[in-house]
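Going by our numbering, the letters in the sequence shown line up with residues 1 to 322, in that order.
All residues carry an ideal CB built from backbone N, CA and C; glycine is no exception.
Note that the structure is a prediction, hence the values are computed from the model and not measured.
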Amino acid sequence: MRTTPAMRQLVAETQLSASDFILPMFVADGIEAPREIPSMPGQYQHTVDSLKKKVHEVLEAGVRCVDLFGVPRAEDKDATGSVAWDPEGILNRGVAALREEFGDDVLVMADTCLDEFTDHGHCGALSADRFGRTVVDNDATLPLYRAMAVAQAEAGAHIVSPSGMMDGQILAIREALDSAGFTDVAIMAYSAKYASAFFGPFRDAVGSSLQGDRRTYQQDPANIRESLLEVELDIEEGADFVMVKPALPYLDVLSEVAQVSPVPVAAYQVSGEYAMIQAAGQNGWVDLDRVMMESLVAIKRAGADQILTYFAEDAARALARA
């Protein structure tokens, strides 16, 4: 049963397809040309024009969904991240440009979180708790997410992806979208998003202003039942997809979620996972292409229906050559 490539493919229990992949991408304000992200070789902060050009290449490779993150100019950041719902904000301009260019041929997903847009780098509004400590104010943040999601839908997003881990964010966004007439815009919920050190290179990618960490609102890496509860709550609130993030260090969580979820389950192979494979491959320590594909097979085998990965285009082309 293992004698030839054809035989192994015939009996393979897990099959990858380009349609499984979602490519995270970055569009930045105030740059004249695409700018490579040093800690993420091969990934760029794009201009609107270079973004469209790259998505044409991605579509030609067979990837039909991109997840767009905005990188505003430093001077446009403020305490609430208000540029996030400005129609002329960089993320909304990027979404609109892709929807105009590709229509429904490419699914445009928008990151629905304020961390790129706030001057403090947190995922929501800040306030003082009863002990005088500065904390992220969950309930004060929900109206901001509502405004952001509606602005993304108005720009043309097919899918919004709340990643801030605020309690009640899915219900708040679903109600806002429906009230604004966007009943057909889907929600991919970052339901089991851990307070992970694997996010490090991403902070470079978006020019994060974060000081400190997000352990008070992202999941504790020691826990799994807590994440299963978050998944259940997000589904009850109207999530169309749920997500586990990161992917490889949390395959056990992904497997458990996939067994209980009635909606599609995504997993995000995050920047740190990507950067480690790239670094080891470029140093000749591992076969980059084989490790790339093996890592993606592992994520799919654990139960992911969709995989957000910076390898999306490369992996799709590798599958086409196989």
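- Of all C-beta pairs linking the stretch 278 to 286 to the stretch 232 to 249, fewer than three are shorter than 8 Å, placing the two stretches out of contact.
- Residues of the same chain with a CB within less than 8 Å of the CB of Glu-100, apart from the 5 flanking positions on each side, are Gly-156 in chain order.
- The beta carbons of Phe-117 and Ala-84 sit about 4 Å from each other, so the pair counts as a contact at 8 Å.
- Thr-183 and Arg-8 have their alpha carbons spaced roughly 44 Å apart.
- For Gln-278, same chain residues with a beta-carbon under 8 Å away, outside a window of 5 residues either side, are Met-40, Pro-41, Gly-42 and Leu-288 in chain order.
- With contacts defined as CB atoms closer than 7 Å, Ile-173 and Tyr-145 qualify as a contacting pair.
- When the Cα atoms are used, Phe-102 and Ala-266 turn out to be separated by approximately 23 Å.
- The beta carbon of Cys-123 sits closer than 6 Å to those of Cys-113, Leu-114, Asp-115 and Gly-164, all from its chain and outside the five residues before and after it, given in chain order.
- Tyr-44 has Glu-36 as its beta-bridge partners, per DSSP.
- Of the residues assessed, Leu-16 falls on the buried side of the cut-off, its CB having 16 or more other CB atoms within 10 angstroms.
- A residue is called buried once 16 or more other Cβ atoms fall within 10 Å of its Cβ, and Gly-89 is buried on that count.
- According to the DSSP assignment, Gln-219 belongs to no beta strand (DSSP E), since it is labelled neither H nor E.
- Counting C-beta atoms within 10 angstroms of its own C-beta, Lys-53 has fewer than 16 neighbours from the protein chains shown and is therefore classed as exposed.
- Within 10 angstroms of the beta-carbon of Gln-211 lie fewer than 16 other beta-carbons, which makes it exposed.
- Per the coordinates, the alpha-carbon of Gly-168 lies some 14 Å from the alpha-carbon of Ala-192.
- With contacts defined as CB atoms closer than 7 Å, Phe-198 and Gly-272 qualify as a contacting pair.
- When DSSP states are grouped into helix, strand and coil, Asp-29 belongs to the coil group.
- Met-1 is classed as exposed because its beta carbon has fewer than 16 other beta carbons within 10 Å across all chains shown.
- Excluding sequence positions up to five before and after Met-293, its CB lies within less than 7 Å of the CB of Ala-315 and Ala-318, all in the same chain and listed in chain order.
- Leaving aside the five residues that flank Ile-299 on each side, the residues in its chain whose CB is nearer than 6 Å to its CB run, in chain order, Ala-247, Ala-267 and Ile-307.
- Relative to the Cα of Ala-74, the nearest Cα in the group Gly-30, Ala-110, Gly-303 and Arg-321 belongs to Gly-30.
- When the Cα atoms are used, Pro-201 and Ala-176 turn out to be separated by approximately 32 Å.
- For Met-276, there is no enclosing beta strand (DSSP E); the residue is found in the alpha helix (DSSP H) stretching over 271 to 282.
- The C-beta distance from Val-71 to Ala-28 rounds to 4 Å, short enough to fall under 8 Å.
- Under the three-state reduction of DSSP output, Tyr-145 falls in the helix class.
- Distance from the CA atom of Asp-20 to the CA atom of Gln-218, rounded to whole angstroms, is 26 Å.
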